Amino acid sequence: MDIENTKVQMRKGILEFCILQIISRGEVYASTMLTELTSAQIMVVEGTLYPLLTRLKNAGFLDYKWVESVSGPPRKYYVLTEKGTTFLAELHGTWDDLHASVSQIIHPQPPQA
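In terms of the numbering used here, the sequence shown opens at residue -3 and continues consecutively.
Encoded structure:
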């Protein structure tokens, strides 16, 4: 078993949640998401982002608009849909539960006497 592979799999498990959270702040360009995910050490492979954005768009969680750029071709900016906002709220609840459960395992409380 390879530790690096396990770390990658753990990050992939929370990638959708992190992407939706970034987009929830307002219109965002894909390269901006990639920069934030990379600096937070969540994104490991650049080619993962675009298929995931497409899947989230096809599920109705995202929408996008094209914005002209002065320095090149138009840019696609992503926003959450109402359905995406609801989905993200559900994920927040799941994250809170998961975080509490893992914390309980990592830092067990001694039995009460």
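For every residue, glycine included, the Cβ atom is placed at its ideal position computed from N, Cα and C. These numbers come from a predicted model, not from an experiment.
Assuming residue i and residue j are in contact, meaning their beta carbons sit under 8 Å apart, how far apart are those beta carbons, in whole angstroms?
i, j, result
"D59", "T77", "5 Å"
"L52", "A26", "Their Cβ separation, rounded to whole angstroms, is 12 Å, which puts L52 and A26 out of contact at 8 Å."
"L49", "L11", "Not really, about 11 Å apart at Cβ, beyond 8 Å."
"F57", "K79", "6 Å"
"L16", "L84", "5 Å"
"I19", "Y74", "5 Å"
Put residue i into one of helix, strand or coil per three-state DSSP.
i, result
"R71", "strand"
"D93", "helix"
"E86", "helix"
"G80", "helix"
Based on the DSSP output, what are the partners of residue i in its beta bridges?
i, result
"V66", "Bridge partners of V66: none, in fact."
"V98", "The partner list for V98 (beta bridge, DSSP) is empty, contrary to what the question assumes."
"K61", "Y73"
Since residue i is in the alpha helix (DSSP H), which residue starts that stretch and which ends it?
i, result
"Q5", "I(-1) to I19"
"T50", "L45 to N54"
"M29", "A26 to S35"
Is the Cβ of residue i closer than 7 Å to any Cβ of chain C?
i, result
"F83", "No chain C appears in this structure, which consists of one protein chain only."
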